Structures are given as C-alpha cells and as structure tokens.
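Quick mapping for you: the protein sequence lines, in order, are chains X and C.
So the first sequence is numbered by this note's numbering: it starts at 17 and just counts up by one.
So the second sequence is numbered by this note's numbering: it starts at 17 and just counts up by one.
Just so you know, even glycine gets a beta-carbon here, dropped at the ideal spot from N, CA and C.
Small disclaimer: the values here were computed from a predicted structure and weren't measured.
Number of protein chains: 2
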Amino acid sequence: MNNLSNSPKANGFRMPGEHEPHAGIWMAWPDRADNWRNGAKPAQEAFIKVAMAISKTTPVTMIVNESQYQNARHRLPSDIKVVEMSADDSWMRDIGPSYVTDGKERVGIDWEFNAWGGLVDGLYYPWNKDDEVAAKICEILGDRSCRAPLILEGGSIHTDGEGTLYTTEECLLHPSRNPDLTKEEIEHQLKEHLGLEKIIWLPSGLYNDETNGHVDNILHVVKPGEVVITWCNDEFDPQYEISRKAYDALCTETDAKGRNIVVHKLPMPGPLFITEEEANGIDASNGMERTPGERLAASYANFLITNNQIVYPLLDAKYDEEARHILSELFPGYEVTGVKAREILLGGGNIHCITQQIPKI
Amino acid sequence: MNNLSNSPKANGFRMPGEHEPHAGIWMAWPDRADNWRNGAKPAQEAFIKVAMAISKTTPVTMIVNESQYQNARHRLPSDIKVVEMSADDSWMRDIGPSYVTDGKERVGIDWEFNAWGGLVDGLYYPWNKDDEVAAKICEILGDRSCRAPLILEGGSIHTDGEGTLYTTEECLLHPSRNPDLTKEEIEHQLKEHLGLEKIIWLPSGLYNDETNGHVDNILHVVKPGEVVITWCNDEFDPQYEISRKAYDALCTETDAKGRNIVVHKLPMPGPLFITEEEANGIDASNGMERTPGERLAASYANFLITNNQIVYPLLDAKYDEEARHILSELFPGYEVTGVKAREILLGGGNIHCITQQIPKI
Numbered sequence: 017m018n019n020l021s022n023s024p025k026a027n028g029f030r031m032p033g034e035h036e037p038h039a040g041i042w043m044a045w046p047d048r049a050d051n052w053r054n055g056a057k058p059a060q061e062a063f064i065k066v067a068m069a070i071s072k073t074t075p076v077t078m079i080v081n082e083s084q085y086q087n088a089r090h091r092l093p094s095d096i097k098v099v100e101m102s103a104d105d106s107w108m109r110d111i112g113p114s115y116v117t118d119g120k121e122r123v124g125i126d127w128e129f130n131a132w133g134g135l136v137d138g139l140y141y142p143w144n145k146d147d148e149v150a151a152k153i154c155e156i157l158g159d160r161s162c163r164a165p166l167i168l169e170g171g172s173i174h175t176d177g178e179g180t181l182y183t184t185e186e187c188l189l190h191p192s193r194n195p196d197l198t199k200e201e202i203e204h205q206l207k208e209h210l211g212l213e214k215i216i217w218l219p220s221g222l223y224n225d226e227t228n229g230h231v232d233n234i235l236h237v238v239k240p241g242e243v244v245i246t247w248c249n250d251e252f253d254p255q256y257e258i259s260r261k262a263y264d265a266l267c268t269e270t271d272a273k274g275r276n277i278v279v280h281k282l283p284m285p286g287p288l289f290i291t292e293e294e295a296n297g298i299d300a301s302n303g304m305e306r307t308p309g310e311r312l313a314a315s316y317a318n319f320l321i322t323n324n325q326i327v328y329p330l331l332d333a334k335y336d337e338e339a340r341h342i343l344s345e346l347f348p349g350y351e352v353t354g355v356k357a358r359e360i361l362l363g364g365g366n367i368h369c370i371t372q373q374i375p376k377i
Numbered sequence: 017m018n019n020l021s022n023s024p025k026a027n028g029f030r031m032p033g034e035h036e037p038h039a040g041i042w043m044a045w046p047d048r049a050d051n052w053r054n055g056a057k058p059a060q061e062a063f064i065k066v067a068m069a070i071s072k073t074t075p076v077t078m079i080v081n082e083s084q085y086q087n088a089r090h091r092l093p094s095d096i097k098v099v100e101m102s103a104d105d106s107w108m109r110d111i112g113p114s115y116v117t118d119g120k121e122r123v124g125i126d127w128e129f130n131a132w133g134g135l136v137d138g139l140y141y142p143w144n145k146d147d148e149v150a151a152k153i154c155e156i157l158g159d160r161s162c163r164a165p166l167i168l169e170g171g172s173i174h175t176d177g178e179g180t181l182y183t184t185e186e187c188l189l190h191p192s193r194n195p196d197l198t199k200e201e202i203e204h205q206l207k208e209h210l211g212l213e214k215i216i217w218l219p220s221g222l223y224n225d226e227t228n229g230h231v232d233n234i235l236h237v238v239k240p241g242e243v244v245i246t247w248c249n250d251e252f253d254p255q256y257e258i259s260r261k262a263y264d265a266l267c268t269e270t271d272a273k274g275r276n277i278v279v280h281k282l283p284m285p286g287p288l289f290i291t292e293e294e295a296n297g298i299d300a301s302n303g304m305e306r307t308p309g310e311r312l313a314a315s316y317a318n319f320l321i322t323n324n325q326i327v328y329p330l331l332d333a334k335y336d337e338e339a340r341h342i343l344s345e346l347f348p349g350y351e352v353t354g355v356k357a358r359e360i361l362l363g364g365g366n367i368h369c370i371t372q373q374i375p376k377i
C-alpha cells in the first residue's frame with residue numbers, strides 16, 4: 017500500500033538475484049479455457065507437479081480465483097498454501113511483485129501490467145485483476161509495495177543481484193509497452209526501482225514468443241558474471257540468428273562489476289508445434305494464437321532457481337537429459353528436478369513464467 | 017486445511033475468552049445492497065470507523081470481495097490490512113473461525129454455516145462463500161482449521177475461557193440449525209470442539225432478532241463468573257420478559273468452576289425502528305425484513321472486547337452515556353470507545369457481529 021517517498025535505489029534497495037535465498041514461491045492457478053486446453057485440467061495437473069517439486073525445498077503459495085478455490089485446495093497437497101485472489105490468468109512471474117531489499121526490509125515493486133501489449137497486441141482484455149495481484153500479495157505478506165510508472169512484466173528482466181539487469185530490446189522497446197519513454201528513460205526507471213548500475217540489452221527473445229521476446233525464455237542468470245542461453249545449431253531455423261546475436265551481445269559486454277560475462281548454452285527443444293488435438297481443446301479467443309501447427313516458444317532456459325534446487329521443464333525427450341546434465345554442471349550442489357511441462361508450454365510460457373520468488377531477508 | 021485427528025478438547029485445546037489477548041481482529045467489508053442501504057455506502061463508513069477504533073490497540077484485517085477491493089483499500093487507513101476474499105455478506109463473527117488453543121498452537125474451528133437458517137428461515141441464498149471464509153482465514157494465517165459437523169454461527173456462543181459457554185435455546189435448538197441432533201448431542205459437539213465443561217442455556221435472545229436469538233446480542237461475558245445483559249424496565253415491552261428470564265436462568269446457575277454468576281445490566285436502547293427513508297434505500301430481497309417500522313434488534317451488549325479497549329455501539333443518545341459508564345465500571349483500565357452504529361444495526365447486527373478475534377498464543 018505505502019509507497020516509497022524516494023526511489024528504492026536512493027533508499028539503498030536492490031533486487032536480489034534468483035540464486036539468492038527465498039522465503040517462498042508464489043504461483044497462480046490456471047483456469048482460463050481460452051488459453052489452457054480441456055478446461056485447464058491438464059495445465060492444473062502440471063502446475064501441481066511444479067508446486068510439489070518446489071515445495072521440497074521452498075514454501076509455495078498458490079493464488080486461486082474464487083470459482084476454482086475448492087478444486088485447487090482439494091488437489092494440492094496440504095503443505096501448499098492456497099489463497100483466494102482474482103487474476104485474469106496465471107503468469108505469476110509477470111504479474112507478481114519484483115521484490116527489492118535493503119537487507120532489513122523487503123518492498124515489492126508493482127509494475128503496471130497490460131497483458132503483454134495492451135490494446136496494441138495484448139493477449140487478452142481486460143487485465144485489471146492481473147494488474148492488482150502484486151500489491152495484494154505484498155499486503156498479505158505485510159510488506160510495503162511501490163507502484164512503478166512503467167509497463168513491465170517480471171519475465172522481461174533478469175538480475176544478477178549485483179547491479180546488472182538483462183533484458184531484450186524486442187520487449188522493453190516494443191511500441192505496445194512504454195512508447196512515450198526513450199530507452200534512456202526506461203533504463204532510468206529500471207535502475208531507480210531495482211537498484212541497478214547497468215542494463216545489458218539482447219536484441220530479441222525466443223522465436224515466436226507472444227510476450228514480445230521476454231528475456232526469461234532465452235536466458236537465465238546462473239550467478240553474477242555467468243549466464244546460460246538457449247542455443248540453436250540449425251542455421252536454417254529462425255532461432256539460430258536470434259541466439260547468435262544474443263551470444264554476441266553478451267560476449268562483447270561487461271557487467272556492472274566490470275566482469276566479462278561467461279555464456280553457457282542449453283540445447284533448443286524441438287522445434288515443437290501445437291497439435292490439432294491440442295488446439296481443438298482450447299476455447300476460441302481474439303487475442304491468443306492457438307491454431308494447429310503454431311510453433312511453440314519452447315526453451316529449457318525457462319527454469320526456476322530456488323533454495324538448493326533447479327526446477328526445469330521436460331519438453332523434448334531428445335534433449336531433456338542433456339539439459340539436466342548442463343544444469344547439474346552449472347549448479348553444483350543443487351538438486352535438479354525435471355517436471356513435464358508441455359501443458360504449460362501450450363499456454364505460452366514455462367516454469368519460470370509461472371513462479372515468482374519472495375526473497376528471504 | 018488439516019483436521020485434528022481427535023477432538024480439540026481431547027488434544028488439550030480450549031476457546032479463550034474474548035477478554036484474553038488478541039493477535040488481531042478480522043472484519044468483512046459490507047457491499048450487498050439488499051441488506052445495506054444506499055449501496056452499502058453508509059455501512060462502509062461505519063465499518064471503517066469500527067476498524068479504526070479497534071486498530072488503536074489491535075491490528076485489523078478486512079476481507080473484501082473482488083469488486084470492492086480498490087474501494088476498500090482506498091478508503092481504509094494503510095495500517096488496516098485489506099485482503100481479497102469472497103463472502104456473501106459481512107458478519108465476520110458468524111462466518112469467521114472460532115479459535116481454540118493449547119497454549120502452543122492455534123486452531124480455527126470451522127463451523128458449518130447456513131445463513132441463519134438455511135432453506136427453513138435463512139436470510140439469503142446462496143451462502144457458500146460465507147461458509148468458506150473460516151478455512152480461508154486459517155490458511156492465510158498459517159493455522160490449521162478443523163471442520164465441525166455442526167451448523168453454528170460464532171455470534172450464538174460466548175465463552176469465559178475457563179470451561180463455560182453461554183448460548184440460547186432459541187438459536188441452537190431452532191429447527192433451522194441442527195434438527196437431527198438432540199440438545200445433549202449439540203452440547204457434546206460444543207464441548208469437544210471448544211474444550212468446555214458446562215453449557216449455560218438462556219431461553220432466548222433479543223426480541224425480533226433475525227438470527228433466531230444470538231446470545232451475543234443480549235449478553236456479554238465480562239470475565240469468568242461475570243456477565244452483562246441487556247435489561248428492559250418497561251414491562252409492556254416484549255423485551256422485558258426475555259431479559260427477566262435470562263436473568264433468572266443466570267442467577268440460578270453456577271459456571272464450570274462452580275462459581276455463582278454475577279449479572280450486570282445494560283439499558284436497552286430505544287426501542288428503535290427502521291424509518292421509511294432507510295427502508296427505501298434497501299434493494300428488495302426475499303429473505304430479509306427491511307420494511308419501514310420494523311423493530312430493530314438494538315443492544316449495547318453487542319460490543320467487542322479487545323486488547324485494553326471496549327468498542328461499543330452508539331445507538332440512542334438517551335442511553336449512550338449510561339452504557340459507557342457501565343462499561344467503564346465493568347472494565348477498569350480499558351479505554352471505552354463508542355462508534356455510531358445505527359447503520360450497522362440496520363443490517364441486522366452490531367459491532368460484536370462484524371468482528372472476530374484471533375487469540376494471541
């Protein structure tokens with residue numbers, strides 16, 4: 017509710033990296049039948065599996081629309097907290113608060129949300145319930161929130177916790193987000209709200225990603241100075257050029273601390289496409305492309321780092337084990353848990369997109 | 017979520033008296049236009065005043081339906097926590113959890129709720145959202161809840177925290193509540209869930225009370241062995257006989273500890289009646305009697321005891337000060353705060369009915 021009188025940065029706040037300790041993970045129960053097939057039932061099963069995996073090491077809270085409360089409460093294990101809260105869909109990464117901390121207090125940054133593009137190319141209308149989620153979560157947690165005058169989704173940024181933010185020009189400079197702000201003004205807002213020194217811009221996100229290229233579907237910060245990106249070996253695939261340019265951008269930059277950035281690679285699943293059976297199970301809508309043959313924006317980079325554990329999507333039997341092996345090497349001492357995630361992918365994102373961490377102070 | 021494997025009583029739990037320390041008070045924002053006049057706006061103002069009074073000494077959380085969330089958040093001071101939660105109306109005493117504790121843990125007893133009489137003589141339909149409130153609150157607080165196989169509202173009982181419960185035959189034995197249970201079976205359920213030794217039955221509650229005579233509108237426990245009741249000096253008033261019989265029942269009983277019960281008296285306001293202007297502002301409904309001239313079930317006994325403070329309803333300028341004086345005498349060292357409460361009364365209850373305490377462990 018309360019706002020910070022000065023900028024969070026000026027007050028000594030910074031956004032921790034995802035690899036830092038978590039007090040909990042919040043998620044949102046999927047139920048819209050125009051995005052999730054078969055009345056969202058297969059997606060709900062997948063979300064349950066993700067929540068159960070996370071809850072092995074970190075407490076999970078699931079927000080649920082009133083109409084689905086009893087169903088969610090009965091299906092989820094009792095150690096997962098279920099809280100009634102209205103949302104238009106279930107992308108907690110994008111609608112939840114981006115927490116910053118000064119080491120003593122935790123404050124949730126509450127971005128403006130317009131469903132990935134508002135009336136220009138947003139995915140649904142209205143989106144007001146989604147937009148209210150971040151402040152409601154902060155209120156339940158007893159934390160202050162700070163409304164930021166910037167249209168932004170949590171999945172369009174990655175931080176290293178030491179002053180560096182990674183994002184994409186495709187998304188943050190898209191005319192459907194903040195057309196009245198220059199790149200410098202957007203950088204200023206990000207720096208002031210998240211306590212940053214430097215923004216590293218990739219040209220674009222994953223091929224055919226309806227979020228306008230969220231960074232979290234192509235890159236993940238492993239730790240300060242080290243990232244992992246989705247790589248494509250097929251030079252005839254449209255992803256090839258995108259990954260190549262991301263790699264080049266990262267290798268020619270230094271981070272906020274002046275470090276060269278070590279770039280690791282994850283294989284690209286598929287390519288994967290929506291089947292006719294899958295498309296037929298989805299209610300018609302004006303916003304979302306869910307037709308048979310539509311290419312899915314599938315990426316192993318869309319994993320979650322939480323306390324002592326990596327939860328990553330199983331997407332393609334051909335590459336799942338290779339991805340696990342790479343993640344195990346990148347995160348020594350972490351348990352690497354794979355969860356079948358095609359049903360999440362069908363909705364337009366993956367495990368990172370449906371989770372949001374609350375940092376431990 | 018979790019249920020107790022044995023009865024709370026067998027596990028060493030008891031319901032504290034209202035005079036014991038509180039961790040917080042929960043309330044529910046009024047919005048139904050078929051109960052609260054003028055779109056519930058005057059009632060909302062009254063609820064705000066009650067919340068602000070309580071929050072001087074005890075943290076307050078207000079649950080709000082999604083459609084009214086922003087309005088409630090903007091109108092309430094920022095130190096009052098606002099949580100989205102669906103409810104059919106706003107009687108937190110009756111729909112919230114009745115907490116029991118063993119000194120180490122707190123467990124919410126989650127009674128079945130049927131809107132004060134279900135399909136027999138209930139006040140509205142449906143009531144499923146109300147019925148889900150208790151468990152949802154416990155879940156948010158991180159407490160276990162225990163569903164009790166008994167239709168009961170929190171306002172129909174008062175405990176002294178030392179094994180005694182006060183209630184009315186009019187309500188608990190009403191055919192619209194638990195017609196399949198005998199009086200002994202109802203006593204057994206109450207004793208096992210609330211850790212009691214003795215139930216003291218008054219014949220009936222306040223005259224023309226649409227709750228079928230909730231005890232909290234005619235009596236309040238001051239402390240173990242001591243109660244205060246609404247008294248009526250006019251022997252031609254229907255309340256006269258009711259109060260007289262309550263007094264006699266109390267004076268001829270001893271409590272769970274074998275004490276004689278000291279009975280204090282509060283004056284009866286009015287009698288008060290709904291005006292034509294008030295009735296005209298209420299949407300028509302099938303369940304509730306809100307016609308001009310309808311007698312209101314007004315009582316000063318419907319106050320809240322919270323940490324170091326009594327919050328009591330201002331109802332009738334002729335008796336408000338006398339009531340304050342009596343309460344000040346009964347609760348030495350407590351601040352006695354009066355809040356204008358006619359708008360709450362018009363909805364069918366008062367300050368005790370719209371609040372529910374969470375005991376401090």
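Closest by C-alpha distance to residue i, when choosing among the options
i, options, result
"Thr73 of chain X", "X:Leu135, X:Asp95, X:Leu331 and X:Gly158", "X:Asp95"
"Pro165 of chain C", "C:Glu203, C:Val136, C:Glu186 and C:Thr184", "C:Glu203"
"Pro308 of chain C", "C:Leu189, C:Glu359 and C:Glu292", "C:Glu292"
"Leu330 of chain C", "C:His190, C:Gly134, C:Val66 and C:Val279", "C:Val66"
"Glu251 of chain C", "C:Val244, C:Arg260, C:Val243 and C:Gly177", "C:Arg260"
"Gly297 of chain X", "X:Asn54, X:Arg30 and X:Ile41", "X:Asn54"
"Ala357 of chain X", "X:Tyr328, X:Lys334 and X:Leu135", "X:Tyr328"
"Arg48 of chain X", "X:Ile377, X:Gln60 and X:Gly40", "X:Gln60"
"Thr345 of chain X", "X:Gln255, X:Asn276, X:Gln373 and X:Val243", "Looking at the sequence itself, residue 345 of chain X is Glu, so the reference to Thr does not match. When each option's Cα is compared against that of Glu345 of chain X, the closest is X:Val243."
"Leu235 of chain C", "C:Val279, C:Glu208 and C:Ile360", "C:Val279"
"Leu181 of chain X", "X:Glu310, X:His38 and X:Pro32", "X:Pro32"
Residue-level contact to chain C via CB, residue i, 7 Å cutoff
i, result
"Met43 of chain X", "no"
"Glu242 of chain X", "no"
"Ser102 of chain X", "yes"
"Lys207 of chain X", "no"
"Glu128 of chain X", "no"
"Glu155 of chain X", "yes"
"Lys97 of chain X", "yes"
"Glu121 of chain X", "no"
"Leu186 of chain X", "Position check: residue 186 of chain X holds Glu in this sequence, whereas Leu was assumed. With 7 Å as the cut-off, Glu186 of chain X does not count as an interface residue toward chain C."
"Glu257 of chain X", "no"
"Glu82 of chain X", "yes"
Per-residue DSSP class, three states only, for residue i
i, result
"Lys72 of chain C", "coil"
"Arg30 of chain X", "strand"
"Ile298 of chain X", "coil"
"Lys239 of chain X", "strand"
"Ser114 of chain C", "strand"
"His174 of chain C", "strand"
"Asn276 of chain C", "strand"
"Asn18 of chain C", "Low confidence applies to Asn18 of chain C: its pLDDT is 46, below 50, so where it sits in the model is not reliable, and the reading given next is rough at best. Asn18 of chain C: coil per DSSP, three-state reduction."
Opposing strand residues paired with residue i [DSSP bridges]
i, result
"Ile216 of chain C", "C:Tyr182"
"Arg163 of chain X", "X:Asp126"
"Glu100 of chain C", "C:Val80"
"Lys457 of chain C", "Residue 457 of chain C lies beyond the residue range present for chain C, which begins at 17 and ends at 377; the question has no answer from this structure."
"Arg311 of chain X", "X:Phe289"
"Gln325 of chain C", "C:Thr322 and C:Glu351"
"Gly40 of chain X", "X:Ile374"
Any chain X beta carbon closer than 7 Å to residue i
i, result
"Ile360 of chain C", "no"
"Lys152 of chain C", "yes"
"Lys273 of chain C", "no"
"Asn18 of chain C", "Low confidence applies here, because Asn18 of chain C scores a pLDDT of 46, under 50, leaving its location unreliable; read the following figure in that light. Yes, Asn18 of chain C counts as interfacial toward chain X."
Exercise for the section: Mind listing, in chain order, the continuous alpha helix (DSSP H) runs of no fewer than 4 residues lying wholly within the segment 328 to 372 of chain X? Expected result: Runs found: 336 to 346 and 358 to 362.
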